[in-house]
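Numbering of the sequence shown is given in our numbering, commencing with residue 682 and proceeding in unit increments.
No residue lacks a Cβ here, since even glycine has one placed at the ideal position from N, Cα and C.
Nothing here was measured: the structure is a model prediction, and the numbers come from that model.
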Amino acid sequence: MLLAPNGKQSNLTKEQYKLVRTPQFKAWFGDWENDPQNASKVVDANGEPMVVYHGTDRKFTKFNKSLIGSASGEENKLNGFYFTSDYDTAKFYAEYYDEQKNYIMSCFLNLRKPIIKSKENPLGIFSLIENAFENNNDGVIIKSVIDSGRKSNQIIAFESNQIKLASGENTTFDANNDDIRYAKGGRTIAQTPAPKKDRIYGSKVNKVGSASSEKSAKSIVLSKKIIDSLKDKLLVFKKKHPSKTNITIDDLKAVYRRGLGAYSSSHRPTISGGVPNTRNAWAMARVNKFLLKAGGTKVKKAYVQDDDLMEYGGEVAPFNTKTIVSSQSDFQNSFKITLLTKNDDVIGTFAYYIDNEDYTPHHSVEVNPKYRGLGFGKELLLKAIKVANDYELGFSSDSSMTLDQKRVYDSLERDGLISGYLGTFSLTDKGEDYLMENELDMYAKGGKVVVDEKEMLKFKKIGISDVYEIEAIKDIGLQGFNFDKQTILDVINKRFNSLLVGYDDYLVDEDSEAITRAIQNDIDARKEQGDSLENIKMFESYLTNDAQRQRYLDSYRNTQQSTILEWVNYLKQSEYDEAFKYLMLKSVLEYNYDFKTNKLIERTNKTLRNFTNFDAGTLSEIYAQNSKYLLKDYVELQVKNVDAIIKSKNLVKESKDGYWIKFDGGSEVSQEQRQKNAKELSQLVQNTYWCTKTNAKSQLDDGDFYVYVTKSDKELLPRIAIRMEGDRVGEVRGNKSSSQD
């Protein structure tokens, strides 16, 4: 019998038991026997390294960050690799991804400084991962998770080099190697050779050619201080560009090594800002330039030497673009595509036409100078081929195209997004799915439903004709799922339940300038009301007192939670189709629709504005109308109902410009009536800034509520709100207007 250090029977196999006690393993994992405080925290109840499991639908030897979520189809915002302590849980997910081809990987994990929490549900862990990144933790361990009906520990690693196979056959381990098999398991991008132009010069420390091959590049050892600095830079970059999951610490190591290889006494690139022109300073400057370009900042056109380390050679941000297609004469022989940002800034155009005389194809690509070098030619070409395919045009390559354009074709074909035969190109299924997943105007933003005829035909083949179901799976993404009706409906149901459980990830939880402005507004309002100097000073202290600011923020968070729980609790038990419920709830969680500006306002964890108020009757109406823009139609319908609300309330006073309306509150009014009045009050003031801090129900608990409403262009606008506390005025708020009297 194999015994663990605590005298109990070991959970490890004979091979694993022997392996974890070798010097090579402990050099990677840490000396878990003699110095557990400085070793990995992924250990079992006996204190021995714990074997954990990862379910997947493919075999591989490196965990690639750019592929995070490729099996589940989930977004890459959960930036980590997931493992479970329970074999059957991993098996469940592996079979879920692919019933026929699935694999269970047994691994050891090296997490020296993880966040360790206990949580009963595996969903809603965005904040844990964000906290881990912010505090320089190297992973997350969640104990006693109920997942797929079983209790287990869930572990998230952030880097591939934290993961090694627990097969028992390994004999060497290398913390600098991302290969999960062994130290010599394969070359990593961190040891990539420098481009040829960077191998010309050497120095006393860095001889000529020291970065010219994998072996020589690997010999340039980066200190812990440098690696920590690179990790800090990556953390800042990830927070600023959360969608850029393809940039990894290995990329930054590679750029840094290339910088070291390029520097010499005879080649001293200028460094701005008065930084000493040293070898390390130049290498770090190169990393800074790499991150600027990867984040979409315009850099010198000549800076392309590290483009091979970033997808598309920069941040393409396909999720933030939309397309306009127009015809120059007719779709029989020509069309033009204009690619726009979400703010309607022109990125570039793609024109295609067939010569009427010799029937040869011609096309031209024009990219706005400020977007050049960011790979939009690829995006334009892919959409152009789609348009040509949709209108049954034989999209052919142009014999006069430039070498750069030829590379774009080759890249699309290599990635399997297009296929070519005798010079004629068409989109593959993978290319169709890519556009379906990545185009802004094909997404369910704010519950917008955009399903074209071709998509209807595609989904009808598997028995799906409901536009909400089609839009929902487009929003979730098809990648990694079987294309059949039951799988798609199951995925929608699972994602809807994820929103129900994880709604608190969408609540305000970060201090910001918005909190400062809100506190200042409170101070100004109290001064105008003639509040006591003591109260005013108390509110002024909120500006600088962290604990008070947190309590102030919590008041907004509690209001948001109260509002969103109305949605969650109702949708959880309602009989609407799951796809409709998913689209509606996701829209409410992620956006507000601003009626006055006719725009969707994206919510973040700094948003103080309340969620859209829930009303079952309004929801029923937009469902019955088969709304194609759920959030917009919902809010507009609520605004239309304001007139009916005003007519049903007590008009305290009426002038030529507006009305004073009273909403009964206080202990003398029944709980049921206060609930009804609160819902109507919420609908009336939902587009004002002063409806956010506390919910309407709590406003009416202490007394009546008066609202002054004016009419402008047939639109009723709340201008002044007075909250009573018994017979005393508790608070006055207002929106400026010349019509107030």
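Reduced DSSP category for residue i - H, G, I as helix; E, B as strand; rest coil
i, result
"Glu729", "coil"
"Ser1255", "coil"
"Cys1372", "In this predicted model, Cys1372 has a pLDDT of only 47, less than 50, meaning its place in the structure is not dependable enough to derive any value."
"Val968", "helix"
"Arg1355", "helix"
"Ala1153", "helix"
"Ser1268", "helix"
"Lys722", "coil"
"Leu1381", "helix"
"Ser1100", "strand"
"Asn1226", "coil"
"Met1219", "helix"
"Phe854", "coil"
"Lys832", "strand"
"Met786", "strand"
"Leu1108", "strand"
"Lys689", "coil"
"Asp1408", "coil"
"Lys865", "With a pLDDT of only 39 at Lys865, under the threshold of 50, the placement of this residue in the model should not be trusted; the figure read from the coordinates follows. In the structure shown, Lys865 sits in coil (DSSP, three-state: anything other than H, G, I, E or B)."
"Val1130", "coil"
"Asp860", "strand"
"Trp1341", "strand"
"Glu755", "Confidence at Glu755 is low in this model, with a pLDDT of 45, below 50, so the placement of that residue should be treated as unreliable; the coordinate-derived value is given next. In the structure shown, Glu755 sits in coil (DSSP, three-state: anything other than H, G, I, E or B)."
Whole-angstrom C-beta distance between residue j and residue i, which should lie under 8 Å
i, j, result
"Leu1062", "Leu1093", "7 Å"
"Tyr734", "Ala685", "Rounded, the Cβ-Cβ distance is 20 Å, inconsistent with contact."
"Val1172", "Ile1143", "Not quite, the Cβ-Cβ distance comes to about 13 Å (not below 8 Å), so this is no contact."
"Leu790", "Phe764", "6 Å"
"Ile1200", "Tyr1233", "6 Å"
"Asn1174", "Glu1047", "So it is not a contact: roughly 45 Å between Cβ atoms."
"Asp1345", "Gln1354", "7 Å"
"Leu941", "Leu911", "Actually they do not touch by this definition, with Cβ atoms about 13 Å apart."
"Phe854", "Ala708", "7 Å"
"Ile796", "Asn817", "Not really, about 11 Å apart at Cβ, beyond 8 Å."
"Val936", "Asp987", "5 Å"
"Gln1241", "Val1189", "6 Å"
Closest by C-alpha distance to residue i, when choosing among the options
i, options, result
"Gln1231", "Thr1299, Gly1112, Ile1282, Asp1192", "Asp1192"
"Leu792", "Ser721, Asp712, Glu714", "Ser721"
"Phe1276", "Gln1306, Gln1319, Glu1134", "Gln1319"
"Thr929", "Asn745, Gly1339, Phe1140", "Asn745"
"Ser1308", "Gly1127, Asn727, Thr1030", "Gly1127"
"Asn1178", "Leu915, Glu1349, Asn812, Val1249", "Val1249"
"Phe1220", "Thr1197, Gln1242, Arg1238, Gln843", "Thr1197"
"Met731", "Asn817, Asn715, Ser833, Glu815", "Ser833"
"Phe1292", "Lys1321, Asn1239, Tyr1304, Thr1391", "Asn1239"
"Gly1298", "Gly711, Val1316, Leu973, Tyr1274", "Val1316"
"Pro923", "Val826, Asn817, Glu811, Lys906", "Glu811"
"Val701", "Leu846, Met682, Glu815", "Leu846"
"Ser904", "Asn961, Gly1029, Arg939, Val917", "Asn961"
"Gln835", "Ala1359, Met1137, Ile823", "Ile823"
"Lys689", "Asp1383, Val723, Asn727, Phe710", "Asn727"
"Asp931", "Phe971, Asp1190, Trp963", "Phe971"
"Thr1288", "Asp1296, Glu1271, Ile1303", "Glu1271"
"Lys1360", "Leu1381, Arg1207, Glu1349", "Leu1381"
"Glu1256", "Ile1028, Tyr1304, Val1269", "Tyr1304"
"Thr1391", "Trp1341, Leu1180, Leu1266", "Trp1341"
"Ser1348", "Asp1408, Ile1401, Tyr1387", "Asp1408"
Residue(s) in a DSSP beta bridge with residue i
i, result
"Leu1362", "Paired residue(s): none; Leu1362 is not in a bridge."
"His922", "In DSSP, His922 forms no bridge with anything."
"Thr1240", "DSSP output for Thr1240 lists no bridge partner at all."
"Val821", "Ile796, Ile837"
"Gln843", "Per DSSP, none; premise fails for Gln843."
"Gln1231", "DSSP, once it has assigned bridges, lists no residue as partnering Gln1231."
"Trp963", "BP columns for Trp963 are empty, so no partner."
"Leu684", "Gln690"
"Phe1261", "Paired residue(s): none; Phe1261 is not in a bridge."
"Val1148", "For Val1148, which the question treats as bridged, DSSP gives no partner whatsoever."
"Val826", "Ser833"
Start-end ranges of the beta strand (DSSP E) lying completely within the region 1270-1329, minimum 3 residues: 1272-1275, 1280-1283
Segments of 3+ residues assigned as beta strand (DSSP E) that fall wholly inside the region 1161-1212: none
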